[in-house]
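These notes concern the structure reproduced below.
Protein chains: 2
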Amino acid sequence: MAELRQNMATKEWVIIATERAKRPDAYIEKHKPVITETQLFYDPNCPFCPGNEETELEIERVPAHNGVWQTRVVGNKFPALSQEGIVTRTFDGVHRSITGVGYHEVVVEHPRHNTTLALMKPEEIKVYLQTLYWRGWNIQKDDRIEQVIYFKNHGSAAGASLRHPHSQIIGLPVVPNDIRRRIEEARRYFDDTGHCVYCAMLEDEVRNRVRLVALSKHFVAFVLYAAPAPFHIWIIPRKHSVSFLYSQEDELSDLSHVLRDVLRRLYVGLRDPAFNLIIRTAPAKEISNDYMHWYITIVPRLARSAGFELGSGIFINPSIPEDSAAYLRQIKL
Amino acid sequence: MAELRQNMATKEWVIIATERAKRPDAYIEKHKPVITETQLFYDPNCPFCPGNEETELEIERVPAHNGVWQTRVVGNKFPALSQEGIVTRTFDGVHRSITGVGYHEVVVEHPRHNTTLALMKPEEIKVYLQTLYWRGWNIQKDDRIEQVIYFKNHGSAAGASLRHPHSQIIGLPVVPNDIRRRIEEARRYFDDTGHCVYCAMLEDEVRNRVRLVALSKHFVAFVLYAAPAPFHIWIIPRKHSVSFLYSQEDELSDLSHVLRDVLRRLYVGLRDPAFNLIIRTAPAKEISNDYMHWYITIVPRLARSAGFELGSGIFINPSIPEDSAAYLRQIKL
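Chains B and C, in that order, are what the protein sequence lines are.
Be aware that the first sequence starts at 1, since it is given in our numbering, and climbs by one per residue.
Be aware that the second sequence starts at 1, since it is given in our numbering, and climbs by one per residue.
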């Protein structure tokens, strides 16, 4: 029989649809070769490839010894929000609006066109994480910004329009309602128990091991007990910490290995699936040190949401989280 | 400059991305013919076509004078939840689960394979709505059920796997967290103002007219002020009413005309886009008569959600709601 499971941190229910559950290897992208790169090393039409850089949009670059660069940060060409202007709020009783002030930046993760985080060296991933980290601090310095969202869309099914490996950072003039609610739920758990709900969850996963994907000194990666989608993974610091921006250098080094490990398992195990990666971290000015905990979510785009999910907020997951984790653990890297 | 807009009922923010906004006609499905039916009237391989019915799954049918039927209700062949069993809740401090007890039914909307609600007669749509209504009452009679979700996936981009026009009904043993939160937000508005926030919104749309799509004696249809996606529409009863299941027969008659009108405008105006349709209505046993209000949402699947939406719950809408509504209003039906 199917099972409804609840994520204790977010209180979201999911349906683990055992009747229609597929085996983990049914999610392999069958049309794709495994770790064979048929794409170009350099694409003359790619705005992110070295030599084609649109320098008027450049914000910063991390230089490399060979004269190129390791990572670059550029303004989004079609930004969702604009950096100029003042945050003006209007409210007439029914309509509330705020001027679209904010940041929308693109982090080019690597000079090479045909690579991806799963294929990079840990040192390269560390530079990528440090680039996100420094941009995050820079954006949060702007007093108009309430929340920074760090995300990556990989593959067209995940919303990526360009192939060259890149991530995005959006700085918002509001704390999203979604994030406010998670804070409220975590506070409720803290009031009841005196503990951080995320710490409780991660300690359980480390002890329990059935949904574990990777474990290091500072991080644990696991398939969520109440995974809304197949192979929905959290990578979370083992030490209680409210913000990605509080990470120490050795923690980012450690994270670069864990992130690479997890993404390689997906890359090899499911043949480079489309995925979204999100860093879920504290708002800029509403810090809940006691009970919030930052983490990375990786959501392979293997199932489609439809009317039921839109209408209920409950996802139907046609896979068993424990089976997905076991499958990823046995992948040879 | 872009604008953040907030839905007063749900408190969700959206970004109306004026910088990247497309004209309404840019969303036309260019590869599709307008109201030309090239598909089969009857498909010998379709399990929903008359003559192919799998009667062991049949729950009920509304007969027709010609000996066939007008609508049929069947059990889902791969149900997300099972009707047998008891609702058992387990909780060990970190994992909460409930046995997957519930209903998962399919409503075949019409005997004809190659039709869709936009092409049906109002009388046919009324029978469809009545079928949902009666099944809803039947499912809610089961004391194990807390919430009924009525939805339709039209087109493969909206998650439909079969072409024959059909909707689905899922009866859940829990009230989804998403619905609980909407109730909380509506209660807060009611406490502040003494009014239903949905009534305030619909009265404003009737007065204001800029986002109006259709207006009848009992219903109003409009593109949401804070539309998360292009052409995101609500059809809402003008009289305050908490549940679809409190509808009177004349209201369902009226609704059948309005629903047809709205869906035809999308069908003609955007050339049969994929969409999800959801009836958002009260839980079975937690009724908030004062401040909740049922409605139908129609979400054409014209934009893809990606990492930013997953990470923030905020959608970037590359269209202007007022322009979308004006475009739909001028469509000749």
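Just so you know, even glycine gets a beta-carbon here, dropped at the ideal spot from N, CA and C.
Using a threshold of 8 Å, state whether the C-beta atoms of residue i and residue j are closer than that.
i       : j       : result
I233(C) : A17(C)  : no
H293(C) : H240(C) : yes
M1(B)   : T115(C) : no
S319(C) : P122(C) : no
L57(C)  : H113(C) : no
R260(C) : L117(C) : yes
E286(C) : V175(C) : yes
K126(C) : L277(C) : no
P300(B) : P230(B) : yes
A306(C) : G159(B) : yes
S324(C) : V223(C) : yes
C196(B) : F190(B) : yes
H65(C)  : E109(C) : no
Y128(C) : T71(C)  : yes
I170(C) : A80(C)  : yes
C49(B)  : H164(B) : yes
V213(B) : R280(B) : no
R144(C) : V87(C)  : yes
Quick check: is any heavy atom of the ligand ATP less than 7 Å from the C-beta of residue i?
i     : result
A2(B) : Although the ligand ATP was asked about, the structure shown includes no ligands whatsoever.
I need the straight-line Cα distance from residue i to residue j, nearest angstrom please.
i       : j       : result
D92(B)  : Q140(C) : 39 Å
Q330(C) : V258(C) : 16 Å
I149(C) : A9(B)   : 24 Å
S82(B)  : L172(B) : 10 Å
D290(C) : L215(B) : 51 Å
G102(B) : V74(B)  : 15 Å
P321(B) : L263(B) : 17 Å
N335(B) : V68(B)  : Absent from the structure is residue 335(B), since the part of chain B shown begins at 1 and ends at 333.
E19(B)  : E146(C) : 22 Å
S156(B) : F308(C) : 15 Å
E60(B)  : I236(B) : 28 Å
R5(B)   : D25(C)  : 42 Å
P63(C)  : Q130(C) : 13 Å
A282(C) : E184(C) : 13 Å
G269(C) : I28(C)  : 7 Å
R96(B)  : V14(C)  : 11 Å
D192(C) : V94(B)  : 13 Å
Y267(C) : L119(C) : 9 Å
N208(B) : A21(C)  : 48 Å
N138(B) : L132(B) : 10 Å
Q168(B) : N76(B)  : 8 Å
Y327(B) : L333(B) : 13 Å
M201(B) : P111(C) : 50 Å
E249(B) : E84(B)  : 33 Å
Closer than 7 Å by beta-carbon distance: list the chain B residues that pair up with residue i, in chain order.
i       : result
D204(C) : V94
R181(C) : R181
W13(C)  : V174, P176 and N177
A17(C)  : A80
Can you round the beta-carbon distance between residue i and residue j to whole angstroms, since I take them to be within the 8 Å contact cut?
i       : j       : result
F244(C) : G136(C) : 7 Å
E203(C) : R211(C) : Not really, about 13 Å apart at Cβ, beyond 8 Å.
E54(B)  : P47(B)  : 6 Å
E12(B)  : A226(B) : 7 Å
S288(C) : R181(C) : Not a contact, Cβ separation roughly 13 Å.
How would you list, in chain order, the residues of chain C whose beta-carbon sits under 7 Å from the beta-carbon of residue i?
i       : result
T99(B)  : M1 and E3
I149(B) : F308, G311 and S312
V299(B) : L310
V225(B) : Checking the sequence shown, residue 225(B) turns out to be Tyr, not Val. Near Y225(B) (Cβ distances below 7 Å), the residues of chain C are H95.
N153(B) : A306 and G307
Output, in chain order, the set of chain C residues within a Cβ distance shorter than 9 Å of residue i.
i       : result
P283(B) : Correct list: empty, because the minimum Cβ distance to chain C is about 11 Å.
Q140(B) : The contacting residues do not exist; Q140(B) stays about 15 Å from chain C at best.
Starting from residue i, find everything on chain C with Cβ-Cβ shorter than 8 Å and list it in chain order.
i       : result
P173(B) : L4
R304(B) : G159
G85(B)  : M1
I170(B) : F308 and S312
Could you work out which residues of chain B lie near residue i, taking near to mean beta carbons separated by less than 8 Å?
i       : result
L277(C) : G307
R188(C) : Within 8 Å Cβ-Cβ: nothing; R188(C) doesn't reach chain B, min ~13 Å.
I316(C) : A80
R238(C) : Result: empty, since nearest Cβ-Cβ is about 16 Å, beyond 8 Å.
With a cut-off of 8 Å, does the C-beta of residue i fall near any C-beta of chain A?
i       : result
M292(C) : In the structure shown, chain A cannot be found, because the protein chains are B and C.
Note down, in chain order, every chain B residue with its Cβ under 9 Å from the Cβ of residue i.
i       : result
P230(C) : Those within 9 Å of P230(C) in chain B number zero; the least Cβ separation is about 15 Å.
A200(C) : G93 and V94
### Task
Please go through the stretch 62-105 of chain C and give each complete beta strand (DSSP E) segment of 3 or more residues, from N-terminal end onward.
69-75, 89-91 and 96-99
#### Entry: Unbroken stretches of the alpha helix (DSSP H), 4 residues or longer, contained in the stretch 199-279 of chain C
249-270
### Message
I'd like the ranges of any alpha helix (DSSP H) spanning at least 4 consecutive residues and lying wholly in the stretch 170-202 of chain B.
### Response
177-193
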